Amino acid sequence: MPDAGKKRTHDLTIIKRSARDHLRNNAPTGSKILYAWDKACIDYRLWSQLKHTAGIYFITREKSNSIATVCGDNLLNKIR
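If you're matching positions, the sequence shown starts at 3 in the working numbering and goes up one per residue.
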C-alpha cells in the first residue's frame, strides 16, 4: 500500500529499473524466463531488448487499441 498521498509506482517502471539478473530470478545462464503480463503494461521495445540481451520473454493479451502488426506466430515449444 502506498503512503498516504503518494501514487504507487507503475509495474512497467519497476521492470525498467530492475537489473536483468534480478528479473531472471537467479535462473542459470542459457535458460529462458517467461513472464505472463497484464495487457496494460506493454512496451514492445523493452521486451525485445530483454529477449535479446537476457533471455526474458513476456506474454500478454493484446489491447483492443493496439497498432501492432502481426508478423507471425511463435509457438512456446519453439523456445529452447
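Every residue, glycine too, gets a C-beta built ideally from N, C-alpha and C. Keep in mind the model is a prediction, meaning the values are calculated, not measured.
request  = Look up I61 in the DSSP assignment and say whether it is helix, strand or coil.
outcome  = Strand at I61.
Can you say whether L36 is buried or exposed, counting buried as having 16 or more other CB atoms within 10 angstroms of its CB? exposed
**Item:** Span of the alpha helix (DSSP H) around I16
**Value:** It spans D13 to R19 - the alpha helix (DSSP H) in which I16 sits, taken as one unbroken run.
Restricting to Cα atoms, I'd like to know which of S66, L25 and V72 is closest to Q51. L25
- Task: Mind checking which residues open and close the beta strand (DSSP E) that includes A38?
- Result: I35 to A38
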